[in-house]
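Novice: So the protein sequences, as listed, match chains Y and G.
Just so we're aligned: 231 in the numbering used here is position 230 of the first sequence, and the numbers increase by one with no gaps anywhere.
Just so we're aligned: 395 in the numbering used here is position 394 of the second sequence, and the numbers increase by one with no gaps anywhere.
By construction, the Cβ of each residue, glycine as well, lies at the ideal position given by its N, Cα and C atoms.
Pasting a structure below so you can have a look.
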Amino acid sequence: MKNLKLKVQKNLRNVSINYLSLVLVGILFLLSNQAKAFEYPVKIKVLSNGLKVIVCEKPGNGFVQSEIWYRVGSKDETPGNRGLAHMFEHMMFKGSKKYPTSLIDKMQDIGISNFNAYTSYDRTVYYEYAPLNYLDTVFSIEADRMENLMISQEMLNTERQVVAEEYSNGRNNWYQKMNDDRYKFLYPEGHPYEVDVIGEFNDIVNFTAAQCQKFYDNFYSPNNAFMIVVGDVQSDKIFELAEKYFGPIKKQLDIKPKTNIPDLLTSKVKQNEMGIDFPIQIYSFIIPCPAAGSEESKAFEILISSLFTSQNSILNERIVNKERLAYGINSAGAEQMSYTNYMVMDVFMSPMPGNIKVKKEIRDEINKVIANGIDQSKIDQYVRAIESGNLLNSYEPNSVAYRLGVAEFFFHDPLEADKDIEGYKKVSPEEIKVVAAKYLSEEQIQFINIKPSF
Amino acid sequence: MKTVKYFFAILLISLTFSTLKSQTIKYEEFKLKNGLQVLLIDYGNVEATYMEILVNAGTKNETPGLQGISSFTASALLYGNKKYDKIKQTDLLYSLGTNLNANSGINSSSISLLVANKNFETGIDIFSNAIRYPSFPVEDVKQEISQFVQYNNPKKLDITDLATKFSNLFVFGTSNPLGRNSYPTQIMKISAKEIKEFYDFNYTPKNTRLVFCGKLDKVKIKTLVEFYFGDWVSVYGENNQVNLESPSFKGREFGFVNRDDATQVCLNWTKKAPGFGDKDMMAFLIAQNVFNNKLFEEVREKLGKTYGIGMAFNELQNKKIFTIGTQTRSAEMYSTILAVDKVLNDFYTTGITEKELKNSCLKLRNNYLSISSPDGICNYYNYLCYPDIAKRMNLLNELNSQTVEGINKVIKKYFSSENYKLMIAGNEKDLAEQLNKLKGLRKFEPNAIEVDQ
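So this is what it looks like as structure tokens:
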């Protein structure tokens, strides 16, 4: 195929938006000058094109964590382009109008080695950890690839192979393979999380530049993103820099939240047994979870931690440490998400006939929580653990950026990160009882028995 | 969190410089009467303290039949002790929002804890009791070993692990502890008693270093260190030194191990590298940096043969080898070998340029300076390997003194495409034709690693 370079000209897209842009030009929302997020000042400014810039002035070693969070992930894919969000993340390193060769080379040339990106169900995040004096270049690169990415079929053809290899890597690991295979049984058709982030192999190896271009046009815009900068910085200077590089980028149509999401409380997994090519047995408990930021989410988090996931959880103590019936309990997919979703609790055991006892004991413990809730002391312990954990995670600028990012992503307010603790403190044992009855009843928790098949 | 990471598997396996830094630090050293050396490093403004004990014991200290014991011993320190049983310890640590961590590698092992200063007394009590008075409960040891055996079934290892294990054997041989692999029937023979003996022999005041890093209350720390570690004495004496033979490389040697159901092939090259303290080390590290970029650019970005490729070298392990690892589709095995040969050969022939030297030094310098956690600082100032802290702080100057000529000499010494051992793990049915092209290919039976000596 001929070298087809579709140079992106975002300033020509969606011309109708320009009127709105004109109205908004010059209106900058300096939302706050609120201090004391993580003990450091956090300042926020929204550019006229909708890009929110969040700055945390954290004194340190002269290095700065800079991140751009796009509100696009695998949830935004449709049949035929499964895996495109992740594929596109790869394409974002292939060059832009101002930086036509690999952006990896450009970063390396200026001595930045700590840069990367990740794609999840809900979002795609690009980040750099660089000396303060490189920030100008970092902003220039990020702005150019937001506005002027170059997408060619030739580049895509090579990258499709790379991503296909990434997909195949997972198939060589028994646990990853099991996770991939099981994921297909979980969600009902039409749910935003119906297909896992890596996508479908046949789609991946057939992606076209036109598909990528359309995806870019739809989702990569300043009003569908926000920026976080943490480190030895002065917010005024960062706002100036953001205005200089990102300010001229045109706003695009807003992405509307999804509606008519299939109800997971009434949905059934497609299969309750599966084989695995490994000498281990896994009981998978499929638990519906409320969306992040919902009224129940704080109580649900404490419930799941106390019952399943924390190192001293009720089930870890009984099943793993005291009775030694299982090797361990692992949660797959346990993260805050935009829509109702499934959390999977895997209980790992040596394959043997008596394992059914484990299932019964887990159900007993869940029923106890539904009947009696959990002690206030467990809630207090959870709060103390979160408080200390937050302090211990505050060394690294990327940890601070992550907390701010999650708060902005789900609550549209980065300072919500500081209010977490107060929210947890308000949760009562009674509330946990109610949430347990709603999400952990026998009707709600589904089960997949995964056994060796050789 | 479910994420799909982008390309920089290359960085993940290039560990040496990932957390390095050469800032000027304020530190203080002292030694207890029993010989335990203690280092205190002032770092950061967070009201917290990181504590770590480094033990001069790892795979290198494992005797035949006891493969894996250094790792089991480090883990077993977390199973409880005279004062805190496992459940009580877990409960307390959870309340403190932290974890007690155990690690074990080729050269050394470590136990560490990061704790908020308001919880320092509880933290050091848990930490010291875990190190000084482990109870090695028989049932916990059994469970850990049983779990390990279950998860490390040689017939079900993924091809990366398979290639690594067989590569160890291929490169070092069974007379060297680094060439002996653990396997189920051998592991099952390790008991709590053997772990206790390994602990008694290696975890001694003179064979360990204790480090504190963070916003320190030094007076309190000194008092508590004396209280918890002052009466520590060695059971067996104080000599666990070992000297390992360096592997030799003569021409291109190929090894293969079959995995019937593999969907890809794993390629694992091993080549000679400088040892710990070698004068070539800094030049070699710069060369590694440039070489990694070339591998990534040529094999992945231009040819699309793989998702991840990288050269791995860890100075602190002192294995005197480096490896290049990648996975690719079976049909591309031979062409990938040729592609890596070409990168090696081009690098050997042309060396590096002034620009590459400059960029590489800049990148390494930034890696040194960007460290932002106390565990990163302690990893860099590894007190066991670098007892001279002042010298270690001078590393940036050493970086500044490197020249293109000097580095190209080191490249000639280590980066020839003519000398390596390449271990291949994949599906023989898919690879048969391509394997025939490899002269002198040595095929390993799947049970070949089940040898103690």
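#1: Among the candidates G:Thr307, G:Val47, G:Gly66 and G:Val234, whose CA atom is the shortest distance from the CA of Y:Asn170?
#2: Are any of the Cβ atoms in chain G nearer than 7 Å to that of Y:Glu397?
#3: Using DSSP bridges, identify the partner residues of Y:Lys44.
#4: At the level of alpha carbons, what is the spacing between Y:Phe457 and Y:Val73?
#5: Assuming G:Pro155 contacts G:Pro447 under a Cβ cut-off of 8 Å, what Cβ separation, rounded to an integer in Å, is found between them?
#6: So, helix, strand or coil for G:Leu115, using DSSP?
#7: Please check if any C-beta of chain Y sits within less than 7 Å of the C-beta of G:Ile125.
#8: If you follow the beta strand (DSSP E) that G:Arg330 is part of, which residue opens it and which one closes it?
#9: Using a C-beta to C-beta distance shorter than 8 Å, which residues of chain Y count as neighbours of G:Ser484?
#10: Do you know how far the Cα of G:Val56 is from the Cα of G:Glu30?
#11: Let me check understanding here. Comparing Cα to Cα, which of G:Thr329, G:Glu246 and G:Glu298 lies closest to G:Asn428?
#12: Closest by CA to G:Asn290, which one among G:Lys34, G:Ile408 and G:Asp86?
#13: Could you check whether G:Asn120 and G:Leu97 sit closer than 7 Å to each other, using their CB atoms as the reference points?
#14: Give me the chain Y residues within the contact set of G:Asn315, using Cβ-Cβ distance strictly less than 9 Å, ordered along the chain.
#15: Can you list the residues of chain G that Y:Gly61 reaches, using a CB-CB cut of under 7 Å?
#16: Which residues bound the beta strand (DSSP E) around Y:Asn117?
#17: Between Y:Ile281 and chain G, is any beta-carbon pair separated by less than 7 Å?
#18: Which residues bound the alpha helix (DSSP H) around Y:Glu68?
#19: Between G:Lys303, G:Gly305 and G:Ile322, which lies nearest to G:Met312 when the distance is taken from Cα to Cα?
#20: Give the secondary structure of G:Val291 by DSSP, where H, G and I count as helix, E and B as strand, and everything else as coil.
#21: Within the region 156–242 of chain Y, note down every full alpha helix (DSSP H) run reaching 4 residues or more, in order along the chain.
#22: Tell me whether G:Lys133 sits in a helix, a strand or coil according to DSSP, three-state version.
#23: Helix or strand or just coil, what does DSSP make of G:Lys430?
#24: G:Ala103 and G:Ala58 - do their beta-carbons sit closer together than 7 Å?
#25: Taking the runs of the beta strand (DSSP E) that are 3 residues or longer, which of them lie wholly in the region 85–146 of chain Y?
#26: For a quick check, are the C-beta atoms of G:Leu170 and G:Ile450 less than 7 Å apart?
#27: By DSSP, does G:Asn177 sit in helix, in strand, or in coil?
#28: Return the Cβ separation of G:Leu115 and G:Phe128 in integer angstroms, given the expectation that the two are a contact with Cβ distance under 8 Å.
#29: Can you give me, in chain order, the residues of the region 207–234 of chain G that have a beta carbon less than 7 Å from any beta carbon in chain Y?
#30: For G:Ser402, does the count of other Cβ atoms within 10 angstroms reach 16, so buried, or fall short, so exposed?
#31: Does DSSP put G:Val47 in a helix, in a strand, or in coil?
#32: For G:Cys267 versus G:Ala426, is the C-beta distance shorter than 7 Å?
#33: Taking only beta-carbon positions, decide if G:Pro447 is within less than 7 Å of chain Y.
#34: Report the neighbours of G:Leu370 on chain Y: residues whose CB is nearer than 9 Å to its CB, in chain order.
#35: Would you verify that the beta carbon of Y:Asp110 is, or is not, closer than 7 Å to some beta carbon of chain G?
#36: In whole angstroms, give me the CA-to-CA distance for Y:Met275 and G:Leu40.
Specialist: Quick answer:
#1: G:Thr307
#2: yes
#3: Y:Val56
#4: The requested residue 457 of chain Y is not part of the displayed model; chain Y covers only 2 to 455.
#5: 6 Å
#6: When secondary structure is reduced to three states using DSSP, G:Leu115 falls in the strand class.
#7: Closer than 7 Å to the CB of G:Ile125 there is not a single CB belonging to chain Y.
#8: DSSP places G:Arg330 in the uninterrupted beta strand (DSSP E) bounded by Ile322 to Arg330.
#9: Beyond the ends of chain G as shown, which are 2 and 454, falls residue 484 of chain G; an answer cannot be given.
#10: 17 Å
#11: G:Thr329
#12: Ranking the options by Cα distance to G:Asn290, first place goes to G:Ile408.
#13: yes
#14: Under the 9 Å cutoff, chain Y gives no residues; its nearest Cβ is about 17 Å from G:Asn315.
#15: Ser373
#16: Asn115 to Thr120
#17: yes
#18: First-last for Y:Glu68: Phe64 to Tyr71, but that is the beta strand (DSSP E), not the alpha helix (DSSP H).
#19: G:Ile322
#20: helix
#21: Counting only runs that start and end inside the region 156–242 of chain Y, the alpha helix (DSSP H) elements of at least 4 residues fall at 175–187, 202–205 and 210–220.
#22: The residue you asked about is not Lys; residue 133 of chain G is Arg in the sequence shown. Three-state DSSP puts G:Arg133 in a helix.
#23: helix
#24: no
#25: 115–120 and 125–132
#26: yes
#27: coil
#28: Their Cβ separation, rounded to whole angstroms, is 10 Å, which puts G:Leu115 and G:Phe128 out of contact at 8 Å.
#29: none
#30: exposed
#31: coil
#32: When the beta-carbon positions are compared, G:Cys267 and G:Ala426 come within less than 7 Å of each other.
#33: no
#34: Asn62, Gly63, Phe64 and Pro132
#35: Yes, contact with chain G.
#36: 53 Å
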